[in-house]
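In the numbering used here, the protein residues as written are 14 to 334.
What follows is a single structure, written as structure tokens, with notes after it.
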């Protein structure tokens with residue numbers, strides 16, 4: 014968020030300078046100032062924008078407190094008035110107005126909880142390198158690190174929280190590099206991986222599209238070559254809706270709409286019930302050398318009579334006919 018606000022401030026300054034060059038340095042340029050929105054920015058960022066606005070507009074010091082009051086929303090002005098009561102905001106200087114709101118809206122966080130939150134911040138799924146390091150910088154503000162320690166801590170926490178193993182492996186090849194070099198390597202790796210994924214994604218889409226088109230053609234051909242069958246007469250050169258026996262009466266079941274060779278009832282009557290025998294074993298073998306005899310299930314459809322198969326059996330040199 015801070016990087017975004019800084020970029021907006023920079024663009025605002027460039028725009029004002031461009032307008033001043035266009036209309037002449039003697040002509041005053043009026044810039045509309047966006048009021049404080051506590052849902053989208055903190056008070057510190059708002060006051061930084063306000064300071065820039067004062068400098069660009071060349072507002073005298075004795076008027077700055079009143080301009081500050083006019084930049085507040087009705088809700089925020091009511092809060093400021095309550096904080097300064099019984100004094101009026103219009104009777105105070107800019108520093109007192111700023112400090113009153115800042116102490117109420119953004120009290121200084123405790124260092125240990127802030128450090129705990131900073132040290133345990135990990136890169137979220139789908140979060141870019143730039144967004145990740147920006148969030149770390151914002152969390153480190155309240156940790157009270159000096160400038161040298163801040164960069165070291167940012168580097169270490171940044172590396173320990175990275176999700177991409179390929180970037181981690183690349184950084185582990187380096188020895189004691191600073192934060193700037195660490196970010197350069199990570200950003201380059203992220204860009205390379207994204208480019209490779211985009212190329213692979215386009216290839217997969219092309220293959221999928223080709224396969225889908227082939228499946229459509231295959232389904233179309235299979236539909237065209239699907240064999241015909243008529244359930245009214247068992248014919249294979251037409252469908253049942255165009256069968257000439259559509260009004261015929263079946264000789265077997267006397268129903269109208271099919272003939273006997275296509276009659277389901279006639280086909281069903283040709284099949285006799287399957288006879289089944291249960292396996293049984295009565296008694297026990299007289300000794301352990303005897304093998305019990307079982308009767309196995311048999312299936313007899315009764316449709317075809319077959320001659321028995323005869324074999325000669327020989328047990329312990331004794332032939333049985």
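Glycine residues also receive a C-beta, built at the ideal position from the N, C-alpha and C atoms.
Quantities reported herein were computed from a predicted structural model and do not represent experimental measurements.
I'd like to confirm the pairing. Which residues does DSSP put opposite residue i in its beta bridges?
i, result
"residue 269", "262"
Assign residue i to one of two classes, buried (16 or more other C-beta atoms within 10 Å of its C-beta) or exposed (fewer than that).
i, result
"residue 73", "exposed"
"residue 195", "buried"
"residue 126", "exposed"
"residue 168", "buried"
"residue 325", "exposed"
"residue 136", "buried"
"residue 120", "exposed"
"residue 102", "buried"
"residue 189", "exposed"
"residue 81", "buried"
"residue 327", "exposed"
"residue 330", "exposed"
"residue 171", "buried"
"residue 202", "buried"
"residue 78", "buried"
"residue 180", "buried"
"residue 2", "Past the edges of the chain, shown from 14 to 334, lies residue 2, and the structure says nothing about it."
"residue 271", "buried"
"residue 62", "buried"
"residue 146", "buried"
"residue 156", "buried"
"residue 206", "exposed"
"residue 89", "buried"
"residue 59", "buried"
Do residue i and residue j have their CB atoms nearer than 7 Å?
i, j, result
"residue 152", "residue 134", "yes"
"residue 258", "residue 245", "yes"
"residue 165", "residue 183", "no"
"residue 56", "residue 118", "yes"
"residue 276", "residue 266", "yes"
"residue 241", "residue 249", "yes"
"residue 86", "residue 48", "yes"
"residue 192", "residue 142", "no"
"residue 114", "residue 93", "yes"
"residue 263", "residue 251", "no"
Can we count residue i as close to the ligand PLP, meaning its CB is less than 6 Å from some heavy atom?
i, result
"residue 69", "Ligands in the displayed structure: none, and consequently the ligand PLP is not present."
Problem - Continuous alpha helix (DSSP H) assignments of at least 4 residues falling wholly in the segment 50-76 - result: 56-70
Handout entry: Those runs of the alpha helix (DSSP H) which lie wholly inside the segment 137-178 and span at least 4 residues
Key = 142-153 and 160-173
Practice task
Indicate whether the contact test is met: 3 or more Cβ pairs, each with one atom in the segment 103-111 and one in the segment 142-151, closer than 8 Å.
Solution key: Verdict: no, contact absent.
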